[in-house]
Structures are given as C-alpha cells and as structure tokens.
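*Asks:* Here the sequence shown is numbered in our numbering, starting from 3 and rising by one per residue. Below are the structure tokens for one structure; questions will follow.
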Amino acid sequence: MKPCNIELILDALQKCAIHFEKTSPVVSNWADEIYQQIQEDLYRVDLGDMRTLNLLLDDAGNFIHPNYAQNIVYKHLEMQRKDTTGMMSF
3 MKPCNIELIL
13 DALQKCAIHF
23 EKTSPVVSNW
33 ADEIYQQIQE
43 DLYRVDLGDM
53 RTLNLLLDDA
63 GNFIHPNYAQ
73 NIVYKHLEMQ
83 RKDTTGMMSF
C-alpha cells in the first residue's frame, strides 16, 4: 500500500477551492474547510472527505461540472449528518 501524500491532497484541495470559487461556492467552501482541518489536525479528516475530493475529478484529472460537484458535496455532507440548510445553491 502506498503512503498518503498530504502535500498532494492539500494541493488538490487548494486547486478545488480556487476552481469552484465563482461557479460553486459550496464546493469551494467545503474544500477550504477540509484544507484547514488537515492543517490543524490531520486525523480529523476522514476517508469520506478524501473520497469526495476524488469524485470531483474526472478520469483526466480535471474538475467536473460545478452542478455535479455541488451535488456530490451536498450528498457527502448529508451522509455526515451535517446541516446543509441555508447553504447557497444554484
């Protein structure tokens, strides 16, 4: 099994936050929050967060359409039983 490359994950989260900043603020805010959690305490981030980040990328490594990305993040937050009421949606 390969070790987890935290710098690679942080880079992907940063790119995700920047990419979706205007088109899907929910996704951008989620990525920024996970980035900050990793910086504070690596062990607070779970596998679901990493899986969600992976789902936001297509096979070529590009980010998917903002509407699909936002739907994936909403579903992830609901699975974590986090309240999504009042989050911006398009």
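By construction, the Cβ of each residue, glycine as well, lies at the ideal position given by its N, Cα and C atoms.
Looking only at C-alpha atoms, which of Asn73, Arg83 and Glu80 sits nearest to Pro27?
*Replies:* Nearest C-alpha to Pro27: Asn73.
*Asks:* Evaluate Asp60 with the Cβ neighbour count: other Cβ atoms within 10 Å of its Cβ, from every protein chain shown; 16 or more gives buried, anything less gives exposed.
*Replies:* Exposed.
*Asks:* Quick check on this structure: which residue in Lys24, Asp43 and Met81 has the alpha carbon closest to the alpha carbon of Arg53?
*Replies:* Checked all of Lys24, Asp43 and Met81; the closest Cα to Arg53 is Met81.
*Asks:* Can you name, in chain order, every residue of its own chain whose Cβ lies under 7 angstroms from the Cβ of His78, other than the five neighbours on each side?
*Replies:* Excluding positions up to five away in sequence, the list reads Gly50 and Thr54.
*Asks:* List, from N- to C-terminal side, the alpha helix (DSSP H) runs of 4 residues or more that fit wholly inside the stretch 10-91.
*Replies:* Segments of the alpha helix (DSSP H) lying fully in the stretch 10-91: 27-42, 49-57 and 68-81.
*Asks:* Would you call the CB atoms of Ile20 and Ile40 closer than 8 angstroms?
*Replies:* Not in contact: Ile20 and Ile40 (Cβ atoms no closer than 8 angstroms).
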